[in-house]
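Residue numbers (my numbering): 26 to 352.
And the structure:
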């Protein structure tokens, strides 16, 4: 198997938050190169060393970086896409720390055209659930089963539909979206899930992401799939603390709320979800690793959401719940 080396440039302060983001993306093998930390260690632990090369002590520190390796196949490339999106989100989040430039560099420094050409080699149409067919925009397919086709341009830096969490959400949308459904997509990224909901027959979809770049990408994907923009609205903001955005979304308006993010954010938005859902409305969440399932269960229980279904795909989990009538 071939691998792609990925370097993420940060600071000593940024090592922990960047590593946490990578872990939420399912990346567990992380290599850290931090000259500042090494120099501090040598200085504070001098009593344990008989001799330290003066050249090493006087060496100008290089930029701190975290190195990961992803397999050179569709799943590895999807992981890398997810990492890029997560790091972009981190850039736009004020964590009160100097995280550095958070630049991402691959060993062979592929540009967007190279990425697209690689995707053409790897990315082929595939079925999801009972009704959906995901295909890249350049492919022509036979569709004897009459599946709902979702077209995607994998050249975007956002998700492509291949990741397990996305497919888990798609499967649940198939189950719960009806012709008169109103859907909210929290942390919409490229808009895959809200667009899929509309293709499955939803009446309307409201999509929001903390990253402003998501607006353009989601609308582009909507156009690629012939989605009527009168049914689709995409905006940007932090639903957790943006009162104007919360007011814009309204109360008890949605039959389905979907969030494919990470466990911490799902827990954080759980108090808001019952306010968005109609009576017996459904909350579909994913982006959860197995170790965080109980945390999400606890957040649901504390906020009037009854867990109705838990699905697993490899190390990833989707938890679906319904708004309790009294919530």
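Glycine included, each C-beta is placed from N, C-alpha and C at the ideal position.
Remember, predicted model here, so these are calculated numbers, not experimental data.
Could you tell me which of 235, 96, 347, 106 sits nearest to residue 212, measuring between CA atoms?
-> Comparing C-alpha distances from residue 212 to each of 235, 96, 347, 106 shows the shortest one belongs to 235.
Check this for me: beta carbons of residue 175 and residue 240, under 8 Å apart or not?
No.
- Message: Please identify the residue among 324, 275, 111, 314 whose C-alpha is closest to the C-alpha of residue 303.
- Response: Relative to the Cα of residue 303, the nearest Cα in the group 324, 275, 111, 314 belongs to 275.
Q.
Using a Cβ-Cβ cutoff of less than 8 Å, which residues in the same chain neighbour residue 349 once the five nearest sequence positions on both sides are dropped?
A. Within the same chain, 299, 329, 330, 331 come within 8 Å of residue 349 by CB-CB distance, once the 5 residues on both sides are set aside.
Leaving out the 5 sequence neighbours to the left and right, which residues in its chain are closer than 7 Å to residue 279 when beta-carbon positions are compared? Non-local C-beta neighbours of residue 279 in its own chain, meaning closer than 7 Å and more than five positions away in sequence, comprise 207, 208, 209, 301, 302, 303, 306, ordered along the chain.
| message | Quick check on the burial criterion: 16 or more other C-beta atoms within 10 angstroms. Buried or exposed for residue 161? | response | Label assigned to residue 161: buried.
ask   = In terms of alpha-carbon separation, which member of 159, 205, 49, 238 lies closest to residue 249?
value = Closest option to residue 249, Cα to Cα, is 159.
Inter-residue spacing [alpha-carbon to alpha-carbon] between residue 177 and residue 42: Roughly 31 Å between the two C-alpha positions.
Separation of residue 44 from residue 89, as counted between CA atoms:
When rounded, the distance between both Cα atoms is 13 Å.
(request) Helix, strand or coil for residue 346, going by three-state DSSP, please let me know. (result) Under the three-state reduction of DSSP output, residue 346 falls in the strand class.
Which listed residue (100, 335, 52) has its alpha carbon closest to that of residue 91 | The residue with the shortest Cα to Cα distance from residue 91 is 52.
Taking all protein chains shown into account, decide if residue 168 is buried (16 or more other Cβ within 10 angstroms of its Cβ) or exposed.
Taking every protein chain shown into account, the CB of residue 168 has fewer than 16 other CB atoms within 10 angstroms, so this residue is exposed.
Supposed contact pair residue 191 and residue 30 - C-beta distance, whole angstroms, cut 8 Å: No, residue 30 and residue 191 are not in contact; Cβ-Cβ is about 25 Å, not under 8 Å.
Mind checking residue 19: buried by the 16 CB within 10 Å criterion, or exposed? There is no way to answer for residue 19, as the model of the chain reaches only from 26 to 352.
* Asked: Per DSSP, what kind of secondary structure is residue 313 in: helix, strand or coil?
  -> In the structure shown, residue 313 sits in a strand (DSSP, three-state: E or B).
Practice item. Give the secondary structure of residue 285 by DSSP, where H, G and I count as helix, E and B as strand, and everything else as coil. Key: The answer is strand: DSSP assigns residue 285 an E or B state.
**Item:** residue 172: first and last residue of the uninterrupted alpha helix (DSSP H) it sits in
**Value:** Residue 172 -> no alpha helix (DSSP H), and no H or E assigned at all.
- [ ] Quick one: grab the DSSP three-state call for residue 365.
- [x] Past the edges of the chain, shown from 26 to 352, lies residue 365, and the structure says nothing about it.
I'd like to confirm the pairing. Which residues does DSSP put opposite residue 355 in its beta bridges?
No answer is possible for residue 355: the residues shown for the chain start at 26 and end at 352.
What does residue 34 pair with, by DSSP beta-bridge criteria?
Within the DSSP bridge table, the entry for residue 34 names 90 as partners.
Neighbourhood of residue 312 by C-beta distance below 6 Å, restricted to the same chain and skipping five residues each side
Around residue 312, the same chain offers 190, 285, 286, 287 as residues with beta carbons nearer than 6 Å, after the five sequence neighbours per side are excluded.
**Asked** With a CB to CB cut of under 7 Å and the five nearest residues on each side skipped, what residues in its chain are close to residue 237?
**Response** Setting aside the 5 residues that flank it on each side, residue 237 is surrounded in the same chain by 261, each with a C-beta closer than 7 Å to its C-beta; the list follows chain order.
inquiry  = According to DSSP, is residue 328 part of a helix, a strand, or is it coil?
reply    = Reduced to three states, the DSSP call for residue 328 is coil.
- Query: What are the boundary residues of the alpha helix (DSSP H) that residue 44 is part of?
  - Reply: Run containing residue 44: 40-49, per the alpha helix (DSSP H) assignment.
- So which of 204, 243, 228, 203 has the shortest CA-CA distance to residue 218? Residue 243 is the option with its Cα nearest to residue 218.
_For a quick check, are the C-beta atoms of residue 232 and residue 281 less than 8 Å apart?_
In this structure, residue 232 keeps its C-beta atom at 8 Å or more from the C-beta atom of residue 281.
Distance between beta carbons of residue 58 and residue 124, contact taken as under 8 Å:
That belief does not hold up - the Cβ atoms of residue 124 and residue 58 are roughly 16 Å apart, past 8 Å.
Q: Please report the Cβ distance between residue 355 and residue 215, rounded to the nearest whole angstrom; I am assuming they are in contact, meaning their Cβ atoms lie under 8 Å.
A: Residue 355 lies beyond the stretch modelled for the chain, which goes from 26 to 352, so this question has no answer here.
Helix, strand or coil, according to DSSP, for residue 114 in the structure here? In this structure, residue 114 counts as helix in the three-state DSSP scheme.
Straight-line gap, residue 36 to residue 46 (C-alpha atoms, nearest Å): When rounded, the separation of the alpha-carbon atoms in residue 36 and residue 46 is 15 Å.
Which class does residue 295 belong to by DSSP, given the choice of helix, strand or coil? Correct three-state label for residue 295: coil.
Proximity winner among 324, 33, 157, 334, relative to residue 309 (alpha-carbon distances): For residue 309, the nearest C-alpha among the options comes from 334.
- Message: Buried or exposed for residue 114, going by 16 or more other Cβ atoms inside 10 Å?
- Response: That one is buried.
Item to complete: Could you have a look at residue 412 and say whether DSSP puts it in helix, strand or coil?
Response: With the chain represented from 26 up to 352, any question about residue 412 goes unanswered, as that position is not in the structure.
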